[in-house]
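This report concerns only the one structure given below.
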Amino acid sequence: MLMRASLDKPSYEEYWPDIEGLAQREKVTDEAMPPQTFFDIAVIHILTTSTVNRLRELYPEGRFEVRRFRPNIVIESGSGEKDFIENLWVGKKLAIGEETILKITGPCTRCVMTTLPQADLPRDLGILHTVARYNQVHAGVYASVHRGGTIHRGDRVQVEE
Numbered sequence: 692m693l694m695r696a697s698l699d700k701p702s703y704e705e706y707w708p709d710i711e712g713l714a715q716r717e718k719v720t721d722e723a724m725p726p727q728t729f730f731d732i733a734v735i736h737i738l739t740t741s742t743v744n745r746l747r748e749l750y751p752e753g754r755f756e757v758r759r760f761r762p763n764i765v766i767e768s769g770s771g772e773k774d775f776i777e778n779l780w781v782g783k784k785l786a787i788g789e790e791t792i793l794k795i796t797g798p799c800t801r802c803v804m805t806t807l808p809q810a811d812l813p814r815d816l817g818i819l820h821t822v823a824r825y826n827q828v829h830a831g832v833y834a835s836v837h838r839g840g841t842i843h844r845g846d847r848v849q850v851e852e
């Protein structure tokens, strides 16, 4: 990613990985950055265990651990579900607990950071390659706060239209 533009109107350019078959392979993304952010596009990144399970199934040699993706919220999916279920949530609302409602704004595009060594996790280019090949470089979704509140581990999560 390359930063450009003035301080009062920050933006970034992102070049997609050069992976055969990737739809965006030759596309350059040029977007404005929200105020008060650096490289992050959204305030909240949500990832489900379903997505992590699916990635593990697709590339069993890799160590797909949540910490590689650095989400703010991890949602435990039902009984070992293995699919990119967050993709279906874009444009919908997510109710968490008794008060909080988040608006799912779009898919979370992953970068090379997911491949770098972290503590006991080894460098693994296959992590990003798998995400790119099977889910258009997306792992999780971005969200904004529609109605604020406190969330707790174990809160009920419900997708709303």
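Here the sequence shown is numbered in my numbering, starting from 692 and rising by one per residue. Glycine included, every Cβ here is placed at the ideal spot set by N, Cα and C.
Name the DSSP beta bridge partners of residue 794, please?
Taking the sequence shown and counting its residues from 1, one reaches residue 794 at position 103. In DSSP, residue 794 forms a bridge with 784 and 835.
Under 8 angstroms, with one C-beta from each stretch per pair, do the segment 786 to 797 and the segment 835 to 848 reach the 3-pair mark?
yes
Tell me whether the beta-carbon of residue 819 lies closer than 8 angstroms to the beta-carbon of residue 801.
Numbered from 1 along the sequence shown, position 128 holds the residue referred to as residue 819. Numbered from 1 along the sequence shown, position 110 holds the residue referred to as residue 801. Going by C-beta atoms, residue 819 is nearer than 8 angstroms to residue 801.
Is residue 746 helix, strand or coil by DSSP?
Counting from 1 along the sequence shown, the entry for residue 746 is found at position 55. Helix, per DSSP.
Considering only the alpha carbon of each residue, which of 779, 787, 829 and 847 lies closest to residue 743?
Indexing the sequence shown from 1 puts residue 743 at position 52. Cα-wise, what sits closest to residue 743 is 829.
Could you compute how far the alpha carbon of residue 769 sits from the alpha carbon of residue 821?
As a first step, residue 769 is located in the sequence shown; it is residue number 78 there, counting from the start. As a first step, residue 821 is located in the sequence shown; it is residue number 130 there, counting from the start. Computed Cα separation, rounded: 23 angstroms.
What are the start and end residues of the beta strand (DSSP E) that includes residue 739?
By 1-based counting over the sequence shown, the position of residue 739 is 48. Where residue 739 is concerned, the enclosing beta strand (DSSP E) stretches over 735 to 739.
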